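Working notes for the structure below.
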Ligand code: UDP
Ligand code: MG
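Residue numbers (full-length UniProt numbering): 1 to 316.
This is how it looks when you write it as structure tokens:
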């Protein structure tokens with residue numbers, strides 16, 4: 001099969017027939033063999049009935065229906081597990097992404113050798129309250145992930161080589177960082193294509209402004225996990241040792257100064273009267289705590305299920 005189109009959806013019944021017809025038109029015009037996998041993320045409207053009807057008319061349509069609403073990332077992950085096409089395309093259900101982009105995305109993966117091609121909604125039809133924070137979000141994501149050529153991490157329209165979707169796991173709300181997940185899994189050829197974007201035709205957006213707060217926290221977690229997840233001691237042990245050392249030296253200095261003053265008949269203060277004593281104490285306490293956190297982290301990492309999962313490209 002050439003192409004799997006994965007469409008996560010939550011309460012989008014009005015858009016679905018149009019979307020299906022449009023994808024079908026593009027696929028038939030280009031002679032692709034394809035499947036459309038609708039993942040119904042616990043919709044409370046008629047979405048699932050609509051999908052069932054579409055499936056009767058077009059056997060390339062497949063559907064998965066969650067019992068409740070889990071979120072876009074879980075929906076994508078389930079779609080990825082089921083995808084059979086050599087190229088996998090993800091697309092929002094709200095008709096904001098255009099199926100006309102599919103042939104070119106397909107070509108970029110199969111002929112230009114990209115692992116992942118992300119859409120770039122260069123001209124967006126969204127309210128300003130969304131487009132401005134989005135710019136900031138993307139700048140941060142570029143910096144942290146080290147994928148400098150992407151302008152639009154969270155674009156719903158993306159194309160993947162099959163290997164990519166079978167080797168990454170999208171969970172929580174990590175759909176915003178799929179290129180970063182792919183990069184961490186060793187897929188480095190990540191490209192971008194300017195895509196047409198339209199205003200939402202039916203229904204309303206499913207994400208509020210808290211997407212930016214959560215998005216930022218998720219980025220921090222991803223960065224931390226990809227940098228230190230496998231070796232927590234390297235950060236906590238390092239910080240802990242340095243802090244403990246500083247505290248220890250400070251404590252010795254405070255003590256030595258008192259002994260010196262005693263031996264030379266100079267006026268002296270109690271050690272506990274010196275502010276440096278408390279700084280030394282705090283540093284040593286925090287230092288040991290950090291060190292312990294690193295050690296416990298190390299024990300956890302040692303037992304993690306995926307500790308020996310490596311991405312192997314080829315073997316002869
Ligand atoms: N979506 C989903 N589960 C959710 C929220 C959203 O499957 O819990 C789907 C939604 O139906 C749409 C896509 O994710 O197909 C993108 O959502 P939306 O258009 O609301 O996001 P925006 O375009 O505002 O970023
Ligand atoms: Mg949308």
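Every residue, glycine too, gets a C-beta built ideally from N, C-alpha and C.
In this text the structure is predicted, and so the values were computed from the model without any measurement.
| Item | Value |
| --- | --- |
| On the premise that residue 250 lies in contact with residue 320, defined as a C-beta separation below 8 Å, what is that separation, rounded to the nearest angstrom? | Residue 320 lies beyond the stretch modelled for the chain, which goes from 1 to 316, so this question has no answer here. |
| Return the bridge partner residues of residue 160 from the DSSP annotation. | 88, 116 |
| What are the partner residues of residue 404, as DSSP defines its beta bridges? | The first residue shown for the chain is 1 and the last is 316, placing residue 404 beyond what the model contains. |
| Return the Cβ separation of residue 294 and residue 232 in integer angstroms, given the expectation that the two are a contact with Cβ distance under 8 Å. | 5 Å |
| Just the Cα atoms here: how many angstroms apart are residue 317 and residue 6? | Outside the displayed range of the chain (1 to 316) lies residue 317, so it cannot be described from this structure. |
| Out of 117, 122, 126, which has the shortest C-alpha to C-alpha gap to residue 147? | 117 |
| Going straight from the alpha carbon of residue 186 to that of residue 86, what length do you get? | 18 Å |
| Would you say residue 127 touches the ligand UDP, meaning its beta carbon is less than 7 Å from a heavy atom? | no |
| Assuming residue 70 and residue 43 make a contact with CB atoms under 8 Å, what is their CB distance in whole Å? | With 8 Å as the limit, residue 70 and residue 43 do not qualify as a contact, their Cβ atoms being about 12 Å apart. |
| Any chance the CB of residue 207 is under 7 Å from a heavy atom of the ligand UDP? | yes |
| In its own chain, which residues sit with a C-beta less than 7 Å from the C-beta of residue 95, not counting the 5 before and 5 after it? | 15, 18, 19, 198, 201 |
| In chain order, what residues of the same chain lie with their CB nearer than 7 Å to the CB of residue 228, ignoring the 5 residues before and after it? | 234, 235 |
| Kindly provide the ranges of any beta strand (DSSP E) runs that are 3 or more residues long and lie completely inside the region 162 to 247, ordered along the chain. | 190 to 194 |
| If you measure from the CB of residue 121, is any heavy atom of the ligand UDP nearer than 7 Å? | no |
| If you compare alpha carbons, which of 88, 169, 230 is closest to residue 108? | 88 |
| If I measure Cβ to Cβ from residue 50 and keep anything under 7 Å in the same chain, skipping five residues before and after, which residues do I get? | 13, 16, 17 |
| Just to confirm, does residue 281 get its C-beta within under 7 Å of one of the non-hydrogen atoms of the ligand UDP? | no |
| Confirm, please, whether the CB-CB distance from residue 101 to residue 195 is below 8 Å. | yes |
| Do residue 72 and residue 175 count as a contact pair if the criterion is CB distance below 8 Å? | yes |
| Give me the Cα-Cα distance between residue 79 and residue 38, rounded to the nearest whole angstrom. | 8 Å |
| Tell me which residues share the same chain as residue 172 and place their Cβ nearer than 8 Å to its Cβ, disregarding the 5 neighbours each side in the sequence. | 71, 73, 218 |
| Within this structure, are the beta carbons of residue 103 and residue 30 separated by less than 8 Å? | yes |
| If we count the other Cβ atoms within 10 Å of its Cβ and call it buried at 16 or more, is residue 238 buried or exposed? | exposed |
| Could you please give me the residues that DSSP links to residue 34 through a beta bridge? | 3 |
| Could you say which of 183, 297, 300 lies nearest to residue 145 if we only look at CA atoms? | 183 |
| Going along the chain, which residues of its own chain have a beta-carbon closer than 8 Å to the beta-carbon of residue 203, five neighbours each way excluded? | 11, 12, 14, 15, 94 |
| DSSP on residue 267, reduced to helix/strand/coil? | coil |
| Span of the alpha helix (DSSP H) holding residue 125? | First-last for residue 125: undefined, no H or E at that position. |
| List the endpoints of the continuous alpha helix (DSSP H) containing residue 106. | 102 to 110 |
| How about residue 115 and residue 82: do their beta carbons lie closer than 8 Å? | no |
| With H, G and I counted as helix, E and B as strand and the rest as coil, what does DSSP make of residue 262? | helix |
| Pick helix, strand or coil for residue 136, following the three-state DSSP scheme. | helix |
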